[in-house]
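Accompanying notes for the structure given below.
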Amino acid sequence: MSNYRVLKPVPHIDKLDAGDRCTLKLPAGGTVEGIMLTRAIRIDESLLRIVWFNDGRSYPVSLVESWTDFCQFVGGWHDTDNDTRKDQS
C-alpha cells in the first residue's frame, strides 16, 4: 500500500464537491487553501460564489477576473482515494 494520495485536478469552482481541496487568490494578494465544506451559488446573477471551508472560514469568490474586490478561484483537487462520484471530465 502506498502512503501517497492521488489528487485529481478540478478545473472549475462549480465542479468542486464537499471534501475537495480548494485554493483561492485573495484580493490583497496571497492565497488561502482549505477543504471545501460547501458553497452558495446564484449570487448576483451567478457571478459570485461563497465558499465555506471545513475550519469555519468563508470567502466570496468572483467568476469575473476584473472584480478585484473578491477572491478568485485558483484551483481545486479531488482525492481519488475516496472517489464516489462519476468522472466529470
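Using numbering that gives the first Met the number 0, the letters of the sequence shown map in sequence onto residues 0 to 88. For glycine and all other residues, C-beta sits at the position ideal for the given N, C-alpha and C. Note that the coordinates shown come from a computational prediction; the quantities given were computed from them, not determined experimentally.
| task | Using three-state DSSP, classify residue 78 as helix, strand or coil. | result | Three-state DSSP puts residue 78 in a strand.
| said: In whole angstroms, give me the CA-to-CA distance for residue 18 and residue 65. | reply: Going by C-alpha positions, residue 18 is about 28 Å away from residue 65.
| field | Where residue 77 falls, given that 16 or more other Cβ within 10 Å makes a residue buried | value | It is buried - the Cβ of residue 77 has at least 16 other Cβ atoms within 10 Å.
| request: Look at the Cβ atom of residue 74, then the Cβ atom of residue 37, and state whether they are nearer than 8 Å. | output: No. Outside cutoff.
| message | Between which two residues does the beta strand (DSSP E) holding residue 58 run? | response | Residue range 57-61 is occupied by the beta strand (DSSP E) that includes residue 58.
| field | One or two residues paired with residue 8 in a DSSP bridge | value | Residue pairing by DSSP places residue 8 opposite 76 in a beta bridge.
| field | Rounded Cβ spacing between residue 31 and residue 47 (contact assumed at less than 8 Å) | value | Not a contact, Cβ separation roughly 17 Å.
| field | Cβ-based burial, residue 33 [other Cβ within 10 Å; buried from 16] | value | Counting other Cβ atoms within 10 Å of its Cβ, residue 33 reaches 16 or more and is therefore classed as buried.
| field | Candidates 24, 16 and 12, of which the one nearest residue 45 by Cα | value | Nearest of 24, 16 and 12 to residue 45, Cα basis: 12.
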